[in-house]
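The block underneath contains the structure these notes are about, expressed in structure tokens.
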Amino acid sequence: MNSQKLENLLNLALDSSMEEREKSLDLDVGYEEEEARWELIVKYNGDLKRLGGSVITVEELIAGYAIVTLPQDLISSFVELEEVEYVEMPKRLYFSLQRGKEASCIPPVTAREPYLSGKGILVAVIDSGIDYARMDFRGNDGGSRISYLWDQSLQPDEGRGMLPPEGYGIGVEFNREQINEALRAEGEEERFRLLPSMDVTGHGTAVAEIAAGNGNSSGGRYAGVAPEADLIVVKLGNPRQESFPKTTELMRALDYVVKKSVELAQPVAINLSFGNTYGAHDGTSLLERFIDNVSEIGRNVICVGSGNEGAAGGHTAGVVRDEVRVELAVAAYERTINVQLWKEYADIFRITVISPGGERQIVETGQRGTIRLSMEQTQLLIYIGEPSPYSMNQEIYFDFIYKQNYIDSGVWTFLLEPVKIVTGNYYFYLPSSVVLNSGTRFFAPTPEVTFTIPSTSRKVVTVGAYHAVYDSYADFSGRGYLLENRLEGLVANESVKPDLVAPGVDIVIGNGRGGAQTVTGTSFAAPFVTGAAALMMEWGIVMGNDVYLYGEKVRAYLRRGARPVRGETEYPNARVGYGALCVEDSLPG
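Here our numbering is used: the first residue of the sequence shown is 39, the next is one more, and so on.
In structure tokens:
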């Protein structure tokens, strides 16, 4: 298919056979094989709900976005509708204390005036779930601090009263009363029968511990940043899906959380500790634009980890003036990988793909649509894209699919030859390192612009990681960019990413049994800032010091209060942004 209303990846997926999609890492995301239906992200105008029914399912979200599920053979006619502006397929998401609190200047505002604790604020954890029975998420009376828990991975059961939230089609929602009923149950078996939600990986529980745990299971030793905040938890997933959650589930979760925040009349600090590498990293995808719209609903702050791709070797970039060789090492036993090449549409260059055995194939970038190449034991699916209504960039997408068991290992080369060059800028991206063998990486990687999507959204607080013990940048932390006005030499402040860094190496948290465990990654730096945002909104909104202290204003205050990091001489920069989190200095006065 070659519709300009569809993103490149979806066009390629629809051009691919079932076998090709099954072998690919990303081309089958959102496709439900049993029902031969696609779940898609749609930007629309007017009334899309009227199209819903038994064949097409429409879940309308805020700001003209919807999640639509429909048979594949109806997609071509669906996108021709005047109401449909643009369509993308879902993408997979990959999940990427005491000393950290001190380094972040938190005790001065919690242990003495103004005695902040997050009271009156919602902390939203959208993640892998939560151990809802853990004492750290219960008040002194034993009751739950969780206002709502939506487990998207559970199958609704109307007979047992287990239903999705109103307006959504998946999962089961539990309110505080239902959670407390489960907590009063005699024995784990009965509790699980009443509320069968589990955090299998423990990732979401650890995130919630840092942002808002009260330390009850450790005698207060491992309390989080906002220990008296109320919680709202969404476990991402789908009863029919594979192990990784999708961006459609994230969009539902964000829509749900901000609506609950408005309904409860409570400001909310939202934590997102996951991401992916697919996209131009410039804030223009439907997901990124949707998150920017969400940030303007009610009183909220969205904090997102910058990802752990900084030292993974999954990105390289440069400028085509003369012939350029981009070399990619592919480790043994890779079944599939994909490579994104993003460039300015004004530039034209010829691409030659060279296999490890020396076979060469020229990719003619003048044509549009799908190209199939066979090279040694690897099949290449290539899509030559065009700019979209939301982005001036051009994407050339390469999907490496095995013919037998694995794609060819060794060095793959992309030879870029200039034909007509204006800027010559190019950017290559691999999938997240989580799904690649350790030896698969570019020979000359670029660490800048390695932050993951959706931390690339323009109105979120993007959080990198640093080592609080050594007061130094953590090299795995995804780096951002600075957009500069070259005539004036000024940094365009709104475009700086990350905004700041927080402790993200060897963070000590409670394990729920009185002991401790350590966690590392930007996944665990982000909740420090989420908890900090809750404290700041408590000071401003709940205490009446500044009722407008939410959204971009919180981000501005966090930037102003950030402190220097050892070894960093210029601020802001692509490694640590404006510096390290310091709550005390982020509050006025």
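Positions of the beta carbon are idealized from the N, C-alpha and C atoms, including for glycine.
All values derive from a computational prediction rather than experimental measurement.
Quick check on Y467 - is its C-beta less than 9 Å from some C-beta in chain C? The structure shown contains no chain C, having only a single protein chain.
Own chain partners of A318 with C-beta closer than 8 Å, once the 5 adjacent residues on each side are dropped: Reading the sequence shown from its first residue, position 280 is the one you call residue 318. For A318, where only same-chain residues beyond five positions count, the Cβ hits under 8 Å are W380, S429, N431, E433, Y465.
How long is the line joining the alpha carbons of P265 and V67, rounded to whole angstroms? Counting from 1 along the sequence shown, the entry for residue 265 is found at position 227. Counting from 1 along the sequence shown, the entry for residue 67 is found at position 29. Approximately 37 Å between the Cα atoms of the pair.
Counterpart residues of I545 in DSSP-defined beta bridges: The residue you call residue 545 lines up with position 507 of the sequence shown. Answer by DSSP bridge pairing, in chain order: V557.
Are there 16 or more other CB atoms within 10 angstroms of the CB of P492, so buried, or fewer, so exposed? For the purposes of this step, residue 492 is taken as the residue at position 454 of the sequence shown. Result: buried.
Between G251 and S166, is the Cβ-Cβ spacing less than 9 Å? In the sequence shown, counting from the first residue as 1, residue 251 sits at position 213. In the sequence shown, counting from the first residue as 1, residue 166 sits at position 128. No, they are not a contact pair.
Could you say which of V557, T558, S134, V592 lies nearest to P283 if we only look at CA atoms? The sequence position of residue 283 within the sequence shown is 245, counting from 1. When each option's Cα is compared against that of P283, the closest is S134.
Sequence-distant residues of the same chain with beta carbon closer than 8 Å to I459, five excluded per side: Taking the first residue of the sequence shown as position 1, residue 459 is located at position 421. Cβ neighbours of I459 beyond the five flanking positions: V358, R359, D385, I386, F387.
Bounding residues of the beta strand (DSSP E) (the contiguous stretch that carries N254): For this step, residue 254 is matched to residue 216 along the sequence shown. That residue, N254, is in no beta strand (DSSP E); it is neither H nor E in DSSP.
M200, DSSP secondary structure in three states: The sequence position of residue 200 within the sequence shown is 162, counting from 1. If DSSP states are grouped into helix, strand and coil, M200 belongs with the strands.
To the nearest angstrom, how far is the alpha carbon of E228 from that of A220? Indexing the sequence shown from 1 puts residue 228 at position 190. Indexing the sequence shown from 1 puts residue 220 at position 182. Whole-angstrom Cα-Cα distance: 8 Å.
Around the C-beta of N628, are 16 or more other C-beta atoms found within 10 angstroms, so that it is buried, or is it exposed? The structure shown has nothing for residue 628, since the chain only spans 39 to 627.
Taking a contact to mean a Cβ-Cβ separation below 9 Å, would you say E414 touches D437 in this structure? Taking the sequence shown and counting its residues from 1, one reaches residue 414 at position 376. Taking the sequence shown and counting its residues from 1, one reaches residue 437 at position 399. For E414 and D437, no; Cβs fall outside 9 Å.
What three-state label does DSSP hand E644 in the structure shown? Nothing can be reported for residue 644, as the shown portion of the chain is limited to 39 through 627.
Please classify D237 as buried or exposed, where buried requires at least 16 neighbouring CB atoms within 10 angstroms. Here residue 237 is taken as the residue at index 199 of the sequence shown, counted from 1. Classification of D237: buried, given that the 10 Å Cβ count is 16 or more.
Helix, strand or coil: how does DSSP classify Q415 here? Here the question's residue 415 lines up with position 377 in the sequence shown. Looking at Q415 - three-state DSSP - the assignment turns out to be coil, as it is neither helix nor strand.
Extent of the continuous beta strand (DSSP E) run through G448: In the sequence shown, counting from the first residue as 1, residue 448 sits at position 410. Counting along the chain, the beta strand (DSSP E) containing G448 begins and ends at 448-458.
For V210 and I159, the rounded distance between their alpha carbons: Taking the first residue of the sequence shown as position 1, residue 159 is located at position 121. Taking the first residue of the sequence shown as position 1, residue 210 is located at position 172. In a straight line, the C-alpha of I159 is about 24 Å away from that of V210.
Helix, strand or coil at F175 [DSSP, three-state]: Counted from its first residue, the sequence shown places residue 175 at position 137. In the structure shown, F175 sits in a helix (DSSP, three-state: H, G or I).
State whether the stretch 575-587 contacts the stretch 554-565, with contact taken as three or more CB pairs (one from each stretch) at a distance under 8 Å. no
Beta-ladder partner(s) of P109, from DSSP: Your numbering for residue 109 matches position 71 in the sequence shown. P109 pairs with R75.
For T285, which of helix, strand or coil comes out of DSSP? Against the sequence shown, residue 285 aligns to sequence position 247. T285 falls in the helix class under three-state DSSP.
Quick one, are the C-beta atoms of D85 and T408 less than 9 Å apart? In the sequence shown, counting from the first residue as 1, residue 85 sits at position 47. In the sequence shown, counting from the first residue as 1, residue 408 sits at position 370. No, the Cβ-Cβ distance between D85 and T408 is not below 9 Å.
Just the C-alpha distance for I144 and N46, rounded to the nearest angstrom, thanks. Working through the sequence shown from its first residue, we reach residue 144 at position 106. Working through the sequence shown from its first residue, we reach residue 46 at position 8. When rounded, the distance between both Cα atoms is 45 Å.
Would you mind working out which of S299, G356, R290, K273 sits nearest I329, comparing C-alpha positions? Numbered from its first residue, the sequence shown carries residue 329 at position 291. Residue R290 is the option with its Cα nearest to I329.
Do the stretch 559-574 and the stretch 494-502 meet, that is, are 3 or more Cβ pairs less than 8 Å apart? yes
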